[in-house]
Amino acid sequence: MLDNARALKYTTAWARKVGANSRDLQEAPPADFFGQLGSLGFDYSATQKTLVVRAYLFPYSTSFTSKPDLLPWLNRIASQHPDWVSKGVFETCTPRWEPDKDPSLFLRIDLSDGSQAESAVIAGLLKLREDAVLWQRVKLTEALDGLVRHRRQQKGQ
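The opening residue of the sequence shown carries number 540 in the working numbering; numbering runs sequentially from there.
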């Protein structure tokens with residue numbers, strides 16, 4: 540179980556690590572908080588006792604995020620190669636810290652174990668950030684190339 544105090548401890552440790560200010564987090568009832576610290580976004584739900592951490596892959600792109608077959612394709616890759624995605628999933632959403640923006644494609648992990656050492660959480664967040672950079676620069680292009688090849692094969696071209 541991850542309570543608010545422990546989730547804040549994890550996010551504050553991340554903020555220190557990347558030189559961000561944890562006071563930039565916004566609060567919401569009952570004991571939620573959310574915001575972007577450095578390159579990662581944090582969204583704690585007190586009712587679910589979960590800290591969702593998101594890394595941008597393709598920001599603010601309705602045309603990209605509205606493709607119905609893209610997310611299942613990427614999540615199939617994620618399930619086959621969990622180490623490529625920090626054992627996370629791909630998702631499209633408009634995060635609470637940017638409610639007026641277009642949806643973005645994210646790599647997301649969920650933290651719900653409050654017994655993890657702070658150093659282990661930070662190591663996992665560093666890996667998430669690294670994985671996101673790899674997906675932004677290389678792997679997303681490779682995955683989309685595979686999707687295009689797959690579509691062409693299905694059409695018989």
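Each residue gets a CB set at the ideal place from its N, CA and C atoms; glycine is no exception.
Since residue i contacts residue j with CB under 8 Å, what's their CB separation in whole angstroms?
| i | j | result |
| --- | --- | --- |
| lysine 666 | serine 625 | 5 Å |
| alanine 567 | asparagine 543 | No, alanine 567 and asparagine 543 are not in contact; Cβ-Cβ is about 11 Å, not under 8 Å. |
| leucine 644 | leucine 596 | 5 Å |
| tryptophan 636 | glycine 574 | 5 Å |
| serine 651 | lysine 548 | Incorrect: roughly 14 Å between the Cβ atoms, too far for contact. |
| asparagine 614 | valine 592 | Not really, about 17 Å apart at Cβ, beyond 8 Å. |
| alanine 552 | glutamate 657 | 5 Å |
In chain order, what residues of the same chain have a beta carbon less than 7 Å from the beta carbon of residue i, not counting five sequence neighbours either side?
| i | result |
| --- | --- |
| histidine 620 | none |
| arginine 668 | Ser578, Leu579 and Ala594 |
| lysine 556 | Ile661 |
| aspartate 670 | Trp623, Val624, Ser625 and Leu646 |
Who does residue i pair with in a DSSP beta bridge?
| i | result |
| --- | --- |
| glycine 580 | Gln575 and Arg593 |
| glutamate 657 | Glutamate 657 pairs with nothing; no bridge assigned. |
| aspartate 649 | Val591 |
| leucine 644 | Phe597 and Thr631 |
Could you spell out where the beta strand (DSSP E) holding residue i opens and where it closes?
| i | result |
| --- | --- |
| valine 677 | It is not in any beta strand (DSSP E) - valine 677 carries neither H nor E in the DSSP assignment. |
| alanine 567 | 565-567 |
| glutamate 630 | 628-632 |
What residue range is occupied by the uninterrupted alpha helix (DSSP H) comprising residue i?
| i | result |
| --- | --- |
| valine 700 | No statement about residue 700 is possible, as the shown extent of the chain runs from 540 to 696 and does not include it. |
| leucine 609 | 609-619 |
Run the CB neighbour count on residue i, radius 10 Å, all protein chains shown included, and call it buried at 16 or more, exposed below.
| i | result |
| --- | --- |
| valine 677 | exposed |
| proline 634 | buried |
Residues in the same chain with beta-carbon distance under 8 Å from residue i, minus the five sequence neighbours each way, listed in chain order, please.
| i | result |
| --- | --- |
| threonine 550 | Ser561, Leu564, Phe572, Leu576, Phe581, Tyr583 and Leu590 |
| threonine 601 | Asp641 and Pro642 |
Taking 6 Å as the limit between beta carbons, can you name the residues of its chain near residue i, skipping five residues before and five after?
| i | result |
| --- | --- |
| arginine 545 | Gly653 |
| glutamate 630 | Phe645 and Arg647 |
| aspartate 649 | Thr589 and Val591 |
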